[in-house]
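Heads up, the sequence shown is in numbering that gives the first Met the number 0, so the first residue is 0 and it goes up one at a time.
Quick reminder that beta carbons are idealized off the backbone N, C-alpha and C, glycines included.
All figures in this text were calculated on a predicted structure; none of them were measured in a lab.
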Amino acid sequence: MIQIQIWGDFECPYSYLQTAALAKLKERYQDGIEIIWRAIELTPTIGTMPPSDSYLKKLQQASMEPIVQEEKLVLRTPAFLTYTWLAQESVCFANKHGKSLQLALAIFRSVFSQGANISNEDEIIALAEQVGIEPNALREAFDDGVVTKQVIADEEEFKANGFQGVPAMLIGEKNFSPKSFMPVTGYTNVDELEKLIPIKSLLGSN
């Protein structure tokens, strides 16, 4: 089985595109691929702040990628940027239930098509419930601090790998040494991803 670990920020349009590309790859190879979400909050924010000019430029560039039309993704300009830590914690929790990809996509859609405030715990829990996460279990995870520790560990590993921007990925065979995983930075479309993956391993797993 191929494992792809992705670090992404929920207000980053290219992280959204990368997650959508991984969903297409997962649909193509089913159980041959495991997607693991790794947390990173590149620009921690207290409260809300308006998108910067550089952010707006990045959003415009991302909207021109073919996957936006192919998957009918909506990339509206967020009215504000906000605290994303709870969203990161929720998707780390969803890893344990095999639902991190679904929840990440739901959060991205809520940000870029609905302008959701993902710093609001109730909004995050509602999105998690939509993809089959038990809401009380997620609330307990928020309260007991276990997923907080995971997010901190993920951010430390992001830095240890020398990553400086998102999306960033590690790609390798699940049961091999983590040191053998290939680091990939920047948005990588589905065709490019397939060239990086040992297809024989995928075929052998089906």
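Check your understanding: In terms of alpha-carbon separation, which member of S53, S99, G46, M63 lies closest to Y186?
Key -> Nearest to Y186 by C-alpha distance, out of S53, S99, G46, M63, is M63.
Review point. Considering only residues of the same chain and omitting the five flanking positions on each side of S112, which have a CB-CB separation below 7 Å?
Key: V73, R75.
Exercise for review: Just the C-alpha distance for T147 and F141, rounded to the nearest angstrom, thanks.
Suggested key: Cα to Cα, the separation comes out at about 7 Å.
Point to revise | Alpha-carbon to alpha-carbon, E193 and N205 | key: Residue confidence is low: N205 scores 46 on pLDDT, short of 50, so the model does not pin down where it sits. Its coordinate-derived value is still stated next. Their backbone Cα atoms lie some 16 Å apart in a straight line.
Exercise for review: Taking 8 Å as the threshold, find out whether the stretch 168-180 comes into contact with the stretch 53-60 through three or more Cβ pairs.
Suggested key: No, because fewer than three Cβ pairs between the stretch 168-180 and the stretch 53-60 fall closer than 8 Å, the two stretches do not touch.
Check your understanding: Does DSSP put G7 in a helix, in a strand, or in coil?
Key -> Shown here, G7 sits in a strand according to DSSP, grouped into three states.
Review point. Per DSSP, R37 forms a beta bridge with which residues?
Key: Beta-bridge partners assigned by DSSP to R37: W6.
Check your understanding: By DSSP, does P65 sit in helix, in strand, or in coil?
Key -> DSSP places P65 in helix when its eight states are reduced to three.
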